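*Asks:* Last residue of the sequence shown: 193 in our numbering, with the numbers rising by one and none dropped. I am attaching a structure below and will ask some questions about it afterwards.
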Amino acid sequence: MNNNDIKGLNEKWLNSTKSFLELCEKNDIVPILNTVPTTWHKNEDGTLSVVRENRPKNEWVRNSGHRYIDFEKAVGADKGEGWYEGTLCADDVHPTEQGAQVLAARFIMDLPESTL
């Protein structure tokens, strides 16, 4: 989340992710990636301003061919219209308790074997 894509896909994130995937492959580990919700600030006039941009990274994850947990979709950030009401804290970065519950539910939906 802290590797913002504000100027396009964050190369530091991409290089680290590729290194992680290579290590997984060398060690016969099946990686599970995740999307990271872009966050917005709601302005006084009702428009939205991006606080943390993650859409390029999420597109890469979705097209990587690896399994992933779609946290961006869980909170509605995939639509480009902010998070679902009540899921984002006033700091415009962290989930509320309700948001955390939505993210946890998505984790279980996308990785159901984690509950076994």
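Yeah, the Cβ is synthetic: ideal placement off N, Cα and C, and Gly gets one too. These numbers come from a predicted model, not from an experiment.
Classify residue 97 as buried or exposed, calling it buried when 16 or more other Cβ atoms lie within 10 Å of its own Cβ.
*Replies:* Here residue 97 is taken as the residue at index 20 of the sequence shown, counted from 1. Burial call: exposed.
*Asks:* Which two residues bound the contiguous alpha helix (DSSP H) that contains residue 164?
*Replies:* Taking the first residue of the sequence shown as position 1, residue 164 is located at position 87. Looking at the DSSP string, residue 164 is not in any alpha helix (DSSP H), and its letter there is neither H nor E.
*Asks:* Return the CA-CA distance between residue 102 and residue 143, expressed in angstroms with no decimal places.
*Replies:* Position 25 of the sequence shown holds residue 102. Position 66 of the sequence shown holds residue 143. The straight-line gap from Cα to Cα measures roughly 12 Å.
*Asks:* Do the region 166-175 and the region 134-142 make contact, defined as three or more Cβ pairs closer than 8 Å?
*Replies:* Because the criterion of three Cβ pairs below 8 Å is not met, the region 166-175 and the region 134-142 do not touch.
*Asks:* With a cut-off of 8 Å, do at least 3 Cβ pairs link the region 102-111 to the region 154-164?
*Replies:* Contact between the region 102-111 and the region 154-164 is absent, because fewer than three Cβ pairs lie under 8 Å.
*Asks:* With residue 180 and residue 151 assumed to form a contact (beta carbons below 8 Å), what rounded beta-carbon distance in angstroms separates them?
*Replies:* For this step, residue 180 is matched to residue 103 along the sequence shown. For this step, residue 151 is matched to residue 74 along the sequence shown. The pair is a contact, with the Cβ atoms about 5 Å apart (cut-off 8 Å).
*Asks:* Applying the 10 Å Cβ sphere with the 16-neighbour rule, what's the burial state of residue 164?
*Replies:* The count along the sequence shown starts at 1 and reaches residue 164 at position 87. With 16 or more other Cβ atoms within 10 Å, it is buried.
*Asks:* For residue 80, which of helix, strand or coil comes out of DSSP?
*Replies:* As a position in the sequence shown, residue 80 is number 3, starting the count at 1. Here residue 80 sits in coil by DSSP.
*Asks:* Runs of 3 residues minimum, wholly inside the region 88-120: which ones carry the beta strand (DSSP E) assignment?
*Replies:* You should have 109-111 and 116-119.
*Asks:* If you run the structure through DSSP and keep just helix, strand and coil, what is residue 138?
*Replies:* Taking the first residue of the sequence shown as position 1, residue 138 is located at position 61. Here residue 138 sits in helix by DSSP.
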